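Residue numbers (the numbering used here): 5 to 989.
What follows is a short report on a single structure.
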Amino acid sequence: MKKTGEFLRKYIIFLAILCLVVRAQAQSKDQAQLTPFTGLDYVRVTLRDAFIQSPKHTFKVTIKGIKDKHTLWEGKISLDQVDPNNKHVRIFTIDGLKPKLWSPTDPYLYELTLEQFDKDKLVASARERLGFRFFESKEGNLFLNGKLIFLRGFAVNPPNRGIPSHVERSRRFAEEYVSFMKRLNVNIIRIPDDETWYDVCDELGMMVFGGNYAGSAAKGANVEHFQQVGDETDGGFPADYDRAVAWYKYQKLGPIAHHPSLMIYAMTNETPFVGKRAVEWEKFLTYSHEKLREWDETRAYIANAGYGYGKAGDICDLHRYWGWYYASPFTYIHTRDNEKIIPFPKKQQPITFTETIGNYTGPDGRYNLTPAHKNPGSQLNWTGHERQDLQAQLASEHQIFTIKNAVEIFRRLRSINPELSGIFPFTVLFYNWDNIKEFADMNPKPAAQQVMLSFQPVLLSWECWTTQVYAGSTIQPIAHVVNDQNNGEDLKKVTLIYHLVDKIGRKLVGDTLQFSNIPYYKAVKKQVSLRIPDNLSTGDYTLEGSIYSDGKERSKNSQKLFIADQFYTRSGGSVGKVISLYDPSGSTAKAFQKLGVLYKAVSNFNKLEQNQALVIGENAADEMVKKSSAEIKRFIQEGGRVLSLRQDSLHLPYLNSILEKPYRSAIPDIDDPAYPSPVRPSHNGYYVNAERSDHPVTRDIQRKNFQVWSDYTNWNEDKAGFPAIYPVTDGFMSVDKEALESIAILCNYGPGLEGTVLAEQFIGQGSVLLGGFDLVRRTGLDPVADRLLLNLLAYNSSDQEHELHPLISNTIIWGDYETEKGILTGINSGFMINSTPRIPEGTKNQITVTEKGDQFAPGVRVAFATRPGVQYVANGRRPFGPYYLRGFGAMPEILNKESAEGTGFFWCRVLPGVNLSVSKVWNPSDKPLIIHKQVNAATVQLEIPPHSTKEVNCPINAQSLKVSFRGDRRLVVLETAFIHTEIRP
C-alpha cells in the first residue's frame, strides 16, 4: 500500500509538471502568434511583439524538413521591422530559398523554429509548420506554384454537420475522411476553422477553401432593410473599414493563415448584389481586399462568395443550383459565354462555382423534404408521384445525373471559355451522420462514385444528344478528353477504345481512335460514328470508352442509351375510329405517314361525325378553328374526341375557343441563366411525371424514358443555342384551379409539378386531349416519342371509356403517392404534403410545430445541409390552401395570411355500394383543433384533442366525389378510405 501511495504521489506530480509545460508552450505560441506567409522562394513571418522579452536579445531561425530533417535555412534574423498597420506586430522575411514545394501530389512540410537568446542562453522559442507554395489568380486562370490548376472541389463536409463532436473532430476521422475525398479525385474542400482538419489537409495534400463564410464582417452595423432578390443575407460590416480589416487579419483569417493547404479566402458569403446595399458592400469589400492583399499575397480572395461576380476580390464566383430547384444541368451550356451568366462586362478573372448541384437526399436515400423550403417542390420535379419504394432510387439517379452533366459540361466547355476554373458540388454524399462512431459508418451514396468519375484528372466525357434511338440507326457522339493530370504533364500516344455494351456486358460493336498528344490543361474532342446493329432487342445499353496514354488506362466513362426495335412502337393499342387531321402546314401529316398512320386530311370542320376522331396538328390551331368553334363544340358535346398536339403561346388562344375551361401557356425558358431565375413553370421541361401509371396514353413508357429525348437538330457544343432534348416544349396550366373538376391532368412536370403537359378536358359527352410534347419533329428518330404519339392516337380514337377522375378502391395513405392514384393535390388543390422529421436516436426534445403547421426537428429549421442526418419524410397532407409557389424556389406561400385555417380538396371516383368516407386526422399541436370535412354536399366537423388522432366520417351517396377539408393548418390528414358499411336507423 505504501508503494502504491508513493507511486500515485509521483504520478500526480508528473502530470502537474506536464500540464505546466504544455501550458507554457501554448502560451509561448499564443504570445508569438507566429504566422508564416510562403512564396516559391521566400517566407515572411509575422509575430506578436509580446514574444520579445528584451530589445537586447538575439534571434535565430531554423527551417527544417519534417520528413527528412534537411535544413533549408538557418541563421540570425532581426525583429526590428514593425507592421505599419499594427505596432504590436513584428515582421521578418527570409528570401532566396530553394525549398521543395508543397502540392497536392507531394505535400512537403517544413518546420520553422524561432529561438530567442539572452547572450548564449535560450530563453524562449516558437515553432510553426509551413509549406512553400503560391496560389494566385492571373490572366483569367488559377495557378498553383506557377502552374495552371482546375479546382475539383466539394463543399458539404464535416465538421459542424451533426456528427458527434468527439468523432468528427478526432484526427483519425479527419484523416479517413480527407483520404476518402482524395480517392474521389477531389483536390479542394470547404471546411470551417478547425486546426485538426487543417493539419490533416496540410499533411495529405488536400487544398482548402476557408475563411469567413457568413453574410457579415466583424460586428457589422445593423441593417434593417435591404433589397433581396435571391438567398442573400446582410449582417452588415463596420463603418470603420480598418476595424473590419483588423478583424480579418487577427481574428478570422489570421488564425488559419499558417496552413499551406489554405488556397482561397472567403471574405463573405451571399451578401446583397443588387440595390443600394450591393454598392455599399462592393465598396467595403474592394477596400478590404486591397488591404488584405498587402497582408497576404500568397492566396486568392473571393470577396462575396456566390453573388459578388468578382467585382471585388480575385475570382468571379457563382452559386448556381441548375438542376436542383430551378433550371436544368444543361443550363451549364451557358457557361460558354460570360455574357449569358454575368449581367455586366466582367474583369479578366477565373470563374468558379463554389456551390452547385444541390439535390439533397437524406439518410434513407429519398429527397429530404424540409418544410417551408425548396426541397419538397424539387422532389416532385425529379421523382414525382412515383411509388415510395422507388423514391430513393430515383433521387439517387437524379443526383448522379446532375453531378455528371454539370461537372462534365463545365469541364468540357473550358475549351471554349478558358476562364472556367473550378466547380464545387454542394450536395450530400453520405447516408449517415448523426450517431456514427467512425468514418466507416458514414456509408457513401452512389453519387460518390459519380463524383470520382466526373472528377477524374484525365476526363473522358461523352457528348451525346441522341440517347433514345432505334436499332439500325447511327449515332455520332463526341468524345471529349480533358487533361488535368495531377502531375501537370502532357498526354502522349493517346488512344480511345469504345464499345456498345448490352445489359450482360457483351461488347456488340466498337472501334479505336488515335488522338494527337494532349497538352496539360487542354480539352480536345473527336466525333465517332457508331451504327447500332439492326437485330438488337428493346432495352438499355451503354456506350463505354477508355482513354489510354503510353499504354496505360488514364480514364474511362460511359453513356446510357435506350435502343428500341420496331415492335416497341407497334405494340400499343390500335387506332379505332377514322382519324381526321387538321394540319394546314402538313408537318403532322408527314409524321403520320412515317409512322404508317392512316388519316383523312380535313381543311374545315363542317362535316364532323361521331365515327371520326379529330386531331389538330402541332401548332395548327388557328383562325379557322376559332371560326368553326361552334361546330367543333357540338361535335365534342355529342361525344366526339379531339386530340390537340402541342400548341405554343401564339396558337393556344385559338384552341381555347373550343374549350369550356381555358388554359394559359407557360412562358419562361427552363435554361434561362439569369439570376434570380424567371418564375416557373417553364414552357419547356423534362422528367415528365405520369400521374396515372395505368393510363393508356403512357402504356409501356417507363419514367426514365420521359426524362430526356433525342435531339433532332444535329446540335453540338460548338453551335449556338441548345440541343432539342426536352420532351416538353409547350407546357400549360389551367387558368382556374376550380376548373380541374372537369380536367384530368395525366402528365405534369417542373417544381411542384406546376406545369401540365397532357390533360384531358371533359365537355358534355366528349373531351379534348391537349398535349405539350415535342413529338412531330423527332418522328422516326426517338422511339419513345413515336410510341407516345401512337398511344395518344389509339386512346383518342378508341371506344373505351375515358375516365375523368381516378378510381380509389383501397385506403389512401396520404404521402404514399402510389395509394393516391394520381389524385390532384398540392398546388392544384391546397392539399399540401406534410413533412415530419425522423428524430435521431438519443435526442430528447420533441418536434416543433409552427403556427403554419410546419414540423421541425429540435433546434434546427433548414437542416438539409447543416444537419444532413435528419430525414424529413412525407407523412400525411395538410389543408394548407389556397397557396402559391413563391419565387423561383417554389416555396409554398399562403394567400390569406390573416387566417389560421386552410383548405384542401380532391376529386375521385369510388366503387359502387360505397357509402362512407373515413379519414384519420392527426393534431400534433398543444391545442385542440377543429377539422371540417365535406364530401359533395354532406358535411361533418370534429374537434381533435392535442397530440391525438381521430377518425372523421362522412356519408357518401354518389360514385363521383369532391372531398374537402378545412381547418387549422397544423392538422394532418393521414389516411382516407371509402368503404361500405351497414348504416342503421
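Don't be surprised by glycine CBs; every beta carbon is placed ideally from N, CA and C.
Treat the numbers as computed from the prediction; the structure is a model and nothing was measured.
Asked                                                                                                                       : Found
Other residues of its chain near Val528: CB distance less than 7 Å, five sequence neighbours each side excluded             : Val485, Phe519 and Ile522
Cβ-Cβ distance between Lys256 and Asn216 below 7 Å                                                                          : yes
Lys526 versus Leu744, Asp515 and Gln489, residue with shortest Cα-Cα distance                                               : Gln489
Arg638 versus Ala878, Lys611 and Val93, residue with shortest Cα-Cα distance                                                : Lys611
Check whether Ala222 and Pro196 have beta carbons under 7 Å apart                                                           : no
Residue closest to Asp341, alpha-carbon to alpha-carbon, out of Ser419, Gly310 and Gln616                                   : Ser419
Asn421 versus Thr406 - alpha carbon distance                                                                                : 21 Å
Under 7 Å between C-beta atoms of Gln4 and Leu547                                                                           : Outside the modelled stretch of the chain, which goes from 5 to 989, sits residue 4, for which no answer is possible.
Presumed contact (8 Å Cβ cut-off) between Pro755 and Ser400, rounded CB distance                                            : Actually they do not touch by this definition, with Cβ atoms about 19 Å apart.
Contact between the stretch 238–252 and the stretch 111–120 (3+ Cβ pairs under 8 Å)                                         : no
Candidates Phe121, Arg281, Val212 and Pro932: closest to Ala270 by CA position                                              : Val212
Residue nearest to Phe184 in terms of C-alpha spacing, selected from Lys449, Trp466, Gly873 and His92                       : Lys449
DSSP beta-bridge partners of Tyr545                                                                                         : Leu565
Contact test: Asn447 Cβ vs the ligand ADP heavy atom, cutoff 6 Å                                                            : The ligand ADP is not part of the structure shown, which contains no ligands of any sort.
Proximity below 7 Å, CB of Arg416 to CB of Ser465                                                                           : yes
Rounded straight-line distance, which links the Cα of Lys287 to that of Pro40                                               : 29 Å
Cα-Cα separation between Arg974 and Lys856, rounded to whole angstroms                                                      : 6 Å
Chain-order list of residues whose beta-carbon lies under 8 Å from that of Ala30 (same chain, five-residue window excluded) : A caution first: Ala30 carries a pLDDT of 40, below 50, which makes its placement in the model unreliable, though a value can still be read off. Excluding residues within five positions, none has a Cβ falling inside 8 Å.
Beta-carbon proximity check, Tyr586 vs Lys630, cutoff 7 Å                                                                   : no
Those residues which DSSP pairs with Pro787 across a bridge                                                                 : Answer is none; Pro787 lacks a bridge partner.
C-beta atoms of Gly157 and Gly362 nearer than 7 Å                                                                           : no
Limits of the beta strand (DSSP E) - the one that Asn216 falls within                                                       : Here Asn216 belongs to no beta strand (DSSP E), and DSSP marks it neither H nor E.
Range covered by the alpha helix (DSSP H) that runs through Thr823                                                          : Tyr821 to Glu824
Ala304 vs Ser477 beta-carbon contact at 7 Å                                                                                 : no
Cβ-based burial, Val513 [other Cβ within 10 Å; buried from 16]                                                              : exposed
Nearest-angstrom Cα separation, counted from Phe982 out to Leu811                                                           : 11 Å
Pairwise C-alpha distance: Ala962 and Val918                                                                                : 8 Å
Candidates Pro367, Lys80, Val532 and Leu565: closest to Tyr876 by CA position                                               : Pro367
Assigned secondary structure, Asn539 (DSSP; H/G/I helix, E/B strand, else coil)                                             : coil
Sequence-distant residues of its chain with Cβ nearer than 8 Å to Thr290 (five each side left out)                          : Ala307, Lys315 and Ala316
Helix, strand or coil at Ser591 according to DSSP, with G and I counted as helix                                            : helix
Beta-carbon spacing of Phe63, Ile81 below 7 Å                                                                               : yes
Assigned exposure category for Gly776 - 16 Cβ within 10 Å defines buried                                                    : buried
Sequence-distant residues of the same chain with beta carbon closer than 8 Å to Gly643, five excluded per side              : Gln614, Gly768, Gln769 and Gly770
Nearest neighbour of Gly234, chosen from Glu294, Arg324 and Ser802 [CA to CA]                                               : Arg324
Proximity below 7 Å, CB of Gln779 to CB of Leu794                                                                           : It should be noted that the sequence gives Leu, not Gln, for residue 779. Cβ atoms of Leu779 and Leu794: not closer than 7 Å.
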